[in-house]
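In the working numbering, the protein residues as written are 813 to 1096. Cβ atoms here follow ideal geometry from the backbone N, Cα and C, with glycine treated the same way.
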Ligand SMILES: [Zn+2]
């Protein structure tokens, strides 16, 4: 038998899985992310061996935090400080003698939702709300890329917001009024002094309002058919976040149709499932 291998290389955990030639999941494994680069690469080799055994590997796909160059496969994930200018594609292709594809985690997650989550809209935005905020835009199943391959940053847009504790408002990018500063896990801790899972109804309605304003901007400019929300903050909150966000988005969109708004069905597996998709089909 021959297998495909997908890797979700995250700042807190690594997940690796294998699938057969029909794309059916065969095995998976999860470990905490080591701090060192060499430790990390060695752990990935071990995890690949755990899921692939001695089977021939036909292709590999990986989701990694940006910034990275998907064509050269050189990665420098922001939240893994010892991983800088790592030639991941070259290393893996030499070691495993098969094609290796890598892209920004939110792009790979968008592939996961599109091909494995049943969300096949022509214009689809996948948006993750976790520690930070990121997105991946698929047009007819292909990733939309910006100038010089730049990755669009949907979380770093200015919005009209409500905030009961504006003193806590600060975005890691250096601008005070980003969407990410208001609705990401990090932003929620700064503003409300507690993790997202402890927010009360009034606080969720404020976060939902702010998210809705961000979605409204995206919808007005890009007119997607569908926005899929994933990441721990969104999937943990569910309708407490989705309903006020949808209401605010729809109330403020006057000239374009409101996109469908859905929660991820794959949860924490979106990027891993997307990695298996690109292992098999590549990125084009
Ligand atoms: Zn920002």
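The beta carbon of residue 1079 sits closer than 8 Å to the beta carbons of 1042, 1047 from its chain, once the five residues preceding and following it are set aside; these are given in chain order. Annotation for residue 1032: 1065, 1068 place their beta carbon closer than 7 Å to its own, counting only its chain and skipping 5 residues before and after. Residue environment for residue 976: exposed (fewer than 16 other C-beta atoms within 10 angstroms of its C-beta). Residue state for residue 982 is assigned as coil, using DSSP reduced to three classes. Of the residues 818, 829, 920, the one whose Cα lies closest to the Cα of residue 839 is 829.
Annotation for residue 1078: no beta strand (DSSP E) segment contains it, and DSSP assigns it neither H nor E. Note that the C-beta distance between residue 815 and residue 849 is not below 9 Å. A Cβ-Cβ distance of about 7 Å is found for the pair residue 892 and residue 877, placing them in contact under the 8 Å criterion. Between the alpha carbons of residue 904 and residue 837 lies a gap of roughly 21 Å. Residue state for residue 907 is assigned as helix, using DSSP reduced to three classes. The nearest non-hydrogen atom of ligand 1 is 8 Å or more from the C-beta of residue 947. Residue 972 counts as exposed, since fewer than 16 other C-beta atoms from the protein chains shown sit within 10 angstroms of its C-beta. For residue 934, same chain residues with a beta-carbon under 8 Å away, outside a window of 5 residues either side, are 951, 952, 1037 in chain order. Residue 843: member of the beta strand (DSSP E) spanning 837-844, first to last residue. In the DSSP assignment, the residues bridged to residue 820 are 827, 875.
Shortest gap from the CB of residue 985 to any heavy atom of ligand 1: under 8 Å.
When beta bridges are read from the DSSP output, residue 954 appears opposite 951. Closest in C-alpha terms to residue 994, from the list 949, 955, 945, 842, comes 945. With respect to residue 845, residue 860 sits apart: the two C-beta atoms are not nearer than 9 Å. 1040 is the residue among 1063, 907, 1040 whose C-alpha sits nearest the C-alpha of residue 931.
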